[in-house]
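Visitor: Per the UniProt record's numbering, the sequence shown starts with residue 1, numbered consecutively.
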Amino acid sequence: MSNSHPLHPSSSSIGEIDHVHILSENVGALINGEEYSDVTFVVEKKRFPAHRVILAARCQYFRALLYGGMRESQPEAEISLEDTTPEAFSMLIKYIYTGRATLRDEREEVLLDFLSLAHKYGFPELEDSTSEYLCTILKIQNVCMIYDVASLYSLCKLTGTCCLFMDRNAQEVLSSDGFLALSRGALLDIVQRDSFAAPEKDIFQALMRWCRHNLKEIHSEIMAAVRLPLMSLTELLNVVRPSGLLSPDAILDAIKVRSESRDMDLNYRGMLIPEENLATMKYGAQVVKGELRAALLDGDTQNYDLDHGFSRHPIEDDCRSGIQVKLGQPSIINHIRLLLWDRDSRSYSYYIEVSMDELDWIRVIDHSQVLCRSWQKLYFPARVCRYIRIVGTHNTVNKVFHLVAFECLYTQRSFTLENGLIVPTENVATISECASVIEGVSRSRNALLNGDTRNYDWDSGYTCHQLGSGAIVVQLAQPFMIGSIRLLLWDCDDRSYSYYIEVSTNQQQWTMVADRTKVPKGVGLEGSQWGLGIRQPGPGTPGAPAGLLVPGASNKGQGC
């Protein structure tokens, strides 16, 4: 058999033939050829012969245009296009005929025209692919132009990438020529973002240049985007006032707000880098108060003991001591992670405050009256801050607060807070979430929390306590607002139990959330209480040996 006619398919699947590339080449050979063409497009006097059936098969817009009974559906019709360029339309025709387009050698203006054609004629895959490429070529000179088009067509991924780029290069963007060419809507969208963190003076001067470059626009709406209270008195009097773009009353109002408001109540701007820890040397963060400062931000959460690997401060009644972190620049955060020293069973109490000027502090986390241990995953409404201080108020072993690691960031993960506490949607009584059994008897310390609800018998796999003495106590890593608890009572024979459950945040005051002292069976529990500890004393087990056996337990919050 001749080798010029191979039987093997071009694809890897046996029995499948894939010659799509040949089809693409053959159909692509018809581009710009007069042969068999039955419609012509004219763009800036350049003619593009085409084939109705191919255009209609590939695009619903052309199907309606060429076969919808309109004037353009007449044989040999010429159709003039006024809203594009020959370069962009040529790229579109090639894509329609071959499914291919080369973007890397084209100017940004041509790519944006090409993107607008993909949007207009309904090629969503082409629109997405072109947007993805534009995301990779962003620079100071083109980001404003690309953002303007992306916002016009509501291309969320592209606009989001442009915004992140502009946020990280705010001052350079303000000085670029592209900033002056922004549409009014795109301009306001950019400068009204809290994360567009340029000095307010620079923003004002850039908007002033834009107004002079766009004389037909209403300037009052543009200048209203300036956050005047963030400017100093000198800047207001020597920069804003001489411009004549804002009334004297607006300037006086800004001075009044600045003088009468708390500093942390001002509408500050801050750097926003989602899901990335900003408390690192990479972003210029440093520990400015506390003892043994070098260990806190080194990223090592494994190598620490009684002698090294942590920062600390003495716990004092007046709370003047603390560990303070200075970020590289004002930043937007809503999530903090702490690792409290946890090489033994000790617990800590603490609170966290944030500030912009080290004078006015806002408390974002208050665990000063509750017991916490190990990893703390803390959430709060987003705030702009430059300084963060962690103040320990209690240590169950001594008068020193030990902190192994500190992270702060802005997270886009959804979370629900109630009375300042996180409402978990998943089980938080697990070893991975740093929960611990601090009272109770078991062959394995955390058998109650290891998630194994199948492998238990008379000898192992459960936690117990002597009836009438003691309890089973689980300590969660931090206080949560919980709404449900699940227990698995030992059930390898036909015995039944009675029990009740209490919760606490400090192991001193306990609140009963479930009373099953008169129900001789294991039942589900649902209720709404917040707590750190879960206490389970068992008053009696009728018809069975003494002991409350609990092979498994879990809890989680109400659904968000």
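Every residue, glycine too, gets a C-beta built ideally from N, C-alpha and C. Just so we're clear, the structure is a prediction, and the values are computed from it rather than from any experiment.
For Asn334 and Ala382, which I take to be in contact (beta-carbon distance under 8 angstroms), what is that distance rounded to the nearest angstrom?
Guide: 4 angstroms
Visitor: In whole angstroms, give me the CA-to-CA distance for Asn446 and Gln171.
Guide: Asn446 and Gln171 have their alpha carbons spaced roughly 54 angstroms apart.
Visitor: Our contact map puts Leu236 next to Ile251 with C-beta atoms below 8 angstroms; I'd like the distance itself, whole angstroms only.
Guide: 5 angstroms
Visitor: Is the CB-CB distance between Cys144 and Phe114 below 8 angstroms?
Guide: no
Visitor: For Asn438, which of Leu467, Leu476, Pro424, Arg413 has the nearest alpha-carbon?
Guide: Looking at the sequence provided, one finds Ile at residue 438 rather than Asn. Comparing Cα-Cα distances from Ile438 to each of Leu467, Leu476, Pro424, Arg413, the minimum goes to Leu476.
Visitor: Out of curiosity, what's the CA-to-CA distance linking Val20 and Tyr147?
Guide: 36 angstroms
Visitor: Expressed to the nearest angstrom, what Euclidean distance is found between the alpha-carbon atoms of Ser232 and Glu44?
Guide: 53 angstroms
Visitor: For Tyr456 versus Phe401, is the C-beta distance shorter than 8 angstroms?
Guide: no
Visitor: Kindly confirm or deny that the region 109–129 and the region 53–62 touch, where touching means at least three C-beta pairs closer than 8 angstroms.
Guide: yes
Visitor: Taking all protein chains shown into account, do 16 or more other C-beta atoms lie within 10 angstroms of the C-beta of Glu125, making it buried, or fewer, making it exposed?
Guide: It is exposed - the Cβ of Glu125 has fewer than 16 other Cβ atoms within 10 Å.
Visitor: Is the beta carbon of Arg363 closer than 8 angstroms to that of Tyr351?
Guide: yes
Visitor: Tell me whether Thr511 sits in a helix, a strand or coil according to DSSP, three-state version.
Guide: strand
Visitor: When we look at the beta-carbon of Gly440 and count the other beta-carbons within 10 Å, is it buried (16 or more) or exposed?
Guide: buried
Visitor: Mind the definition here: the region 295–303 touches the region 386–396 only if three or more C-beta pairs lie below 8 angstroms; say whether that holds.
Guide: In short, these stretches do not touch, since the Cβ pair count stays below three.
Visitor: Below 8 angstroms on the Cβ atoms is my contact criterion, and I expect Leu138 with Cys162 to pass it. Report the Cβ-Cβ distance as a whole number of Å.
Guide: So it is a contact: roughly 7 angstroms between Cβ atoms.
Visitor: For Ile22, count neighbouring Cβ atoms within 10 angstroms of its own Cβ and tell me buried if that reaches 16, exposed if not.
Guide: Flag for Ile22 reads exposed.
Visitor: Suppose the cutoff is 6 angstroms on Cβ atoms and the five residues either side in sequence are ignored; what does the same chain contact list for Ile96 look like?
Guide: Arg58
Visitor: Leaving out five residues before and five after Thr85 in sequence, what residues of the same chain have Cβ atoms less than 6 angstroms from its Cβ?
Guide: Asp113
Visitor: Under the rule that 16 or more other beta-carbon atoms within 10 Å means buried, what is Glu502, buried or exposed?
Guide: buried
Visitor: Which of the three DSSP states, helix, strand or coil, is assigned to Trp210?
Guide: helix
Visitor: Please classify Tyr410: is it buried, with 16 or more other beta-carbons within 10 angstroms of its beta-carbon, or exposed?
Guide: buried
Visitor: Hey, out of Thr453, Met481, His219, whose CA is closest to Leu421's CA?
Guide: Met481
Visitor: Along the chain, where does the beta strand (DSSP E) containing Lys110 start, and where does it finish?
Guide: Here residue 110 is Val; the residue named in the question, Lys, does not match the sequence. Segment 108–121 is the alpha helix (DSSP H) holding Val110; no beta strand (DSSP E) there.
Visitor: Does the beta-carbon of Glu87, which I'm using as the reference point, lie nearer than 7 angstroms to any heavy atom of the ligand HEM?
Guide: Inclusion of the ligand HEM in the displayed structure is not the case, the ligand content being empty and no account of it being possible.
Visitor: Quick one: any contact between the region 304–324 and the region 261–270, if contact means 3 or more CB pairs under 8 angstroms?
Guide: no
Visitor: To which residues does DSSP link Asn395 through a beta bridge?
Guide: Tyr348
Visitor: Between Ser496 and Val423, what straight-line distance do the alpha-carbon atoms span, to the nearest angstrom?
Guide: 32 angstroms
Visitor: Starting from the C-beta of Arg443, find all residues in its chain whose C-beta is less than 6 angstroms away, skip the five residues before and the five after it, and write them out in chain order.
Guide: Ser460
Visitor: In the DSSP assignment, find the beta strand (DSSP E) that holds Gln171 and state where it starts and stops.
Guide: Careful: Gln171 lies outside any beta strand (DSSP E), inside the alpha helix (DSSP H) at 170–174.
Visitor: Tell me which residue opens and which closes the beta strand (DSSP E) that Arg337 is part of.
Guide: Arg337 -> beta strand (DSSP E) spans 323–340.
Visitor: Using 8 angstroms as the threshold, is the C-beta distance between Cys434 and Trp341 below it?
Guide: In this structure, Trp341 does not lie closer than 8 angstroms to Cys434 by Cβ.
Visitor: Which residues in the same chain have their Cβ closer than 7 angstroms to the Cβ of Met208, if we skip the five residues on either side of it in sequence?
Guide: Ser243, Leu245
Visitor: Just the C-alpha distance for Ser13 and Ile190, rounded to the nearest angstrom, thanks.
Guide: 50 angstroms
Visitor: Scan the UniProt domain "BTB" (37–105) and note each continuous beta strand (DSSP E) run of 3 residues or more that stays entirely inside, going in chain order.
Guide: 39–43, 46–50, 77–81
Visitor: Exposed or buried, what is Trp490 when buried is set at 16 or more other beta-carbons lying within 10 Å of its beta-carbon?
Guide: buried
Visitor: Can you tell me where the alpha helix (DSSP H) holding residue 561 begins and where it ends?
Guide: With the chain running from 1 to 560 in the structure shown, residue 561 is simply not present.
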